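If you count the sequence shown from 1, you need to add 8 to reach the numbering used here.
In this text, a Cβ means the ideal position worked out from N, Cα and C, and glycines have one as well.
Since the structure is predicted, the reported quantities are computational estimates derived from the model, not experimental observations.
What follows is a short report on a single structure.
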Amino acid sequence: MANRLVVIGGDAGGMAAISQVRKGPRSHDVVVLERGRHTSYSACGIPYVVGGEVATLEALVARTPQQFRADHGVDVRMGHEAVGIDLDRREIEVHDHARAGRTYRLGFDDLLLGTGGQPVRPPLPGIELPLVHGVQTLDDAAHLLAHAEHSECKDVVIVGGGYIGLEMAEAFTNRGSRVVVVDRFPTPLGGLDPELGALVTAAMRLHGIDCHLGVEVLGFDERAVLTDDGSHAADLVVLGLGVAPRSDLARAAGLRLGPKGSISVNRRQQTSADGIWAAGDCCESFHLVTGEKMHLPLGTVANKQSRVAGINIGGGYATFPGVVGTAITKLCDTEIARTGLSSREAAAAGFEAVASTIEATTAAGYYPGAAPITVRLIVERGRGRILGAQIVGGPGSGKRIDTCALAVTHQMTAEDLVQADLSYAPPFSGVWDPVQVASREALKLL
C-alpha cells in the first residue's frame, strides 16, 4: 500500500515537489490542501498585471488543479484549510470552506509544509480599512485590481520601499496615478548600501514618484495615510513592508522554529519531526557567506527547496546548498540588483571589507543606446574574496549580478573576477565588463 503524502499549500513551496516525488522509488498517494482558489502561480508577476504589461492574473498560473490531477494523479482539494496538526496521531484537522462548518481529520505518512509567507501588517489604526491592500496572493491582487478599477485611483500611497514597494510604485505610475512612497528608512531597498540606494531614490523622483523617506506611518483613515511628517491623500494604499513566514501551524504542532519564526529545517528540508518537511517562504535558509540561518522569501529559493524536499520524500537524496541573497528588480528603465553582503552586513558578520564603486556603461561608450551603470563590490580585506555586489543602471545592467552571484557562491577573489574570460562585443559591454572594472578598483583598494 502506498504511503500518503499530504502537502499543505498549493504554491511553489509545496507543488514544485510533487513531480520529484513521482520520480522517486517510494510510492505515494498525494493529497494537496489549499485554502485559496489557485495553485502554482507567480506572485512575483502581480505588479506587472497591475501595471498592464501582463494582460490577466490567469496568465500567472503555471498549473491548475485540474492539470495536477490529470498529469500527476494528485488529489487537490481547493478551499480546504489545514487548521491543526497532530504529530502523535499523524493527522491533520481540515476545514472545508465550501461546506461551512465541516471539519474532518486526514491521516498522513509524510507531510510537506508549503504554507508560504504573509504580508507584514503592523497593528496601526485603520490598517483594516478597505483601501489598504497587501499583494501576496492572486486573490489579494484581484481585490486590489477591482478597487483600482472601481475608483479613479488618482492618489496611491505605497508603504515600504522594498522590492514589492518599488514594483507597485512603477505599476501605478504606468496607470497614470500620482504615487507616493513612504518608508521608515533613509533610502529604499535596505539591502543596498546608502550610496546606491540614493541612486534608486533619484530614479524614483525622475519618474514622478514622490518619496518620503525616514518617515514613520502612524495610521490610515478613509482618504489618507497619516505619518509623523504629515498626511498623504490616498484613494488606495499598498503595503510593501515585507513578508513573514506563515508558520502558525508548525508552531502550534511543536515544531522547532528559526529566524523570524520560520520553520527550522536541515539541509534535506526536514523539520524537527520525523516525516515532516518544509519548503519555501514558511521555512528558513542559510547564508553561504556568513553561515548563519536566515529567512529569505524568494521564489527562486522556494522552488529549489521544494525540489530538494520532493527528491527526499520520494526516496532519493538531495541537499539544499544555501543562498547568497541574490535579488533583482526594476523601476521603469532603472534596473537594480544585489547579491551577497552589503557593507553593513559584512561588518556585522565580522568581516573587514572594502567597497569599490565604479561608473561605466552597459555597452561600449560609443555604441548607440549605451546606458549608465554603477557597480559596487564588497571585498574582504586580505584574502580579496568577493563578499557581495550591488548594481544600479539602465537597461542591460541588472543581470550582470548573476556573474557576481557565482563569484560570491564559489568564493572567488577580485583577481579571479578580473581574469575571468567574460564575453565582449560593443553592443553588450566595453572590452572590460563593468563588474571587472569594479574588481580592478577593488584590487587597488586592497
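- Bridge pairing for P253: G125 [DSSP].
- With three or more CB-CB distances shorter than 8 angstroms, the stretch 289–306 counts as touching the stretch 316–335.
- For V58, the uninterrupted alpha helix (DSSP H) run begins and ends at I54 to V58, by DSSP.
- Residue range Y171 to N182 is occupied by the alpha helix (DSSP H) that includes F180.
- Measuring C-alpha to C-alpha distances from P305 to each of S255, D341 and G109 identifies S255 as the nearest.
- W285 places its beta carbon less than 7 angstroms from that of A317.
- Rounded to whole angstroms, P403 and C219 show a C-alpha spacing of 23 angstroms.
- Looking at the backbone, the Cα of H295 and that of A108 are separated by about 44 angstroms.
- Closest in alpha carbon position to V309, among G142, K452 and C290, is C290.
- In this structure, the beta-carbon distance from L349 to I93 does not fall below 7 angstroms.
- With a cutoff of 7 angstroms on beta-carbon distance, D236 and E224 are scored as near each other.
- Excluding the 5 residues flanking it on each side, H151 has same chain C-beta neighbours closer than 8 angstroms at H141, in chain order.
- Between the stretch 29–47 and the stretch 127–141 there are fewer than three C-beta pairs closer than 8 angstroms, too few to call the two in contact.
- In the assembly as shown, V15 is a buried residue. Its beta-carbon has 16 or more other beta-carbons within 10 Å.
- In the DSSP assignment, the residues bridged to G115 are E99.
- Annotation: L454 to G373 spans about 28 angstroms, alpha carbon to alpha carbon.
- The beta carbon of S351 is closer than 7 angstroms to those of D201, A361, A363 and I386 in its chain, skipping five residues each way along the sequence.
- In the structure shown, N11 falls within a strand segment according to DSSP collapsed to helix, strand and coil.
- A direct Cα-to-Cα measurement between T72 and T337 gives close to 27 angstroms.
- Under the DSSP assignment, F228 falls in the beta strand (DSSP E) whose first and last residues are V225 to D229.
- For P442, the uninterrupted alpha helix (DSSP H) run begins and ends at P442 to L453, by DSSP.
- Among the bridge pairs identified by DSSP, A371 is matched with none.
- Nearest to T365 by alpha-carbon distance, out of G124, S314, E449 and Q419, is E449.
- Looking at G205, H418 and L174, the one whose alpha-carbon comes closest to that of C340 is L174.
- For C291, the three-state secondary structure derived from DSSP is strand.
- Per DSSP, C340 has no beta bridge partner at all.
- If you look at S239, you'll find it in the beta strand (DSSP E) that goes G238 to A241.
- With fewer than 16 other Cβ atoms inside 10 Å of its own Cβ, N274 counts as exposed.
- Contact annotation: L414 and A354 have beta-carbon atoms that are not nearer than 7 angstroms.
- Annotated three-state conformation of L214 is helix, per DSSP.
- The beta carbon of T417 sits closer than 7 angstroms to those of L296 and V332, all from its chain and outside the five residues before and after it, given in chain order.
- L226 and L197 have their C-alpha atoms roughly 21 angstroms apart.
- The C-alpha of V233 lies about 34 angstroms from the C-alpha of G122.
- Boundaries of the alpha helix (DSSP H) harbouring D79: P73 to H80, taken from the DSSP string.
- When secondary structure is reduced to three states using DSSP, T235 falls in the strand class.
- It is roughly 8 angstroms from the alpha-carbon of L249 to the alpha-carbon of I172.
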